[in-house]
Amino acid sequence: MTRLLAIVSEQGTACYEACLCERCHANPEHRAAVEKKATNINDIPNAADWRDATANDALNCVVCRYPKLLLWVRVGDMGEYESFDSLDDALDYLNELKAGEVTGWIDGGMGVGIETVNYHGYDFVSLFWGDDDANLTAHLDAEERMEVEEGLERFTSS
């Protein structure tokens, strides 16, 4: 699970204008931009005092909007992009379509997603985290990939 980090106010509350997911926090440019913005917020005593804010449901990353991302899926070369709020929902959809077991992961070149026994080559399954317009924001992490591999049911084309 990706953590959220936020700069805290004098009262100890996380500042929604100064919140980054751990992926964006790892980028020095993103971190510096948020810290610079935080210096202009009156009740922020230390603009470099990052704290774990993962449990705060009101926050999202100011760069990539995590966790308010959608999981985007397109099955096959001719399919339409479909959005899902959770990986479980996307797996249910893929199982309804009998996508089949994962045979490989695609990370660039022709796209981002998975190859299965029934969808491979250019006819693969696109699968990634993105914004409301299906722009790639993040690849699935290792834990999510394992969930996909374990969650897809065994189907073979007839």
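If you read the sequence shown in the numbering used here, its first letter stands for residue 6, the second for the next number, and so on. Think of the CB as a built atom: it goes at the ideal place given N, C-alpha and C, for glycine as much as any other residue.
Closest by C-alpha distance to Ala58, out of His30, Pro33, Arg8 and Arg28, is Arg8. When DSSP states are grouped into helix, strand and coil, Val39 belongs to the helix group. Straight-line measurement puts the Cα of Cys66 at about 19 Å from the Cα of Asn51. Across the structure, Thr142 and Gln16 are spaced so that their CA atoms are roughly 32 Å apart. The stretch 34-54 and the stretch 85-104 do not touch, with fewer than 3 CB-CB distances between them shorter than 8 Å. Contact between the stretch 21-38 and the stretch 90-107 is absent, with fewer than three C-beta pairs closer than 8 Å. Under DSSP, Glu120 forms a beta bridge with Gly109. Nearest to Asp136 by alpha-carbon distance, out of Cys69, Leu10 and Ala53, is Cys69. Within the DSSP secondary-structure output, Cys24 pairs in a beta bridge with Ala11. Taking the CA atoms as reference points, Asn32 sits about 32 Å from Thr108. Burial of Arg79 is indicated by the presence of at least 16 other C-beta atoms within 10 angstroms of its C-beta.
Sequence-distant Cβ neighbours of Cys20 in its own chain, meaning closer than 8 Å and more than five residues away, are Ala11, Ile12, Val13, Ser14, Ala43, Ile46 and Ile49. Glu106 sits close to Val122, with the two beta carbons spaced by under 7 Å. Sequence-distant partners of Glu149 (beyond 5 residues in either direction) whose C-beta falls short of 8 Å from its own C-beta, in its chain, are Leu92. Listed as beta-bridge partners of Ser131 by DSSP are Arg79 and Gly118.
Rounded to the nearest whole angstrom, the C-alpha separation of Glu101 and Cys26 is 32 Å.
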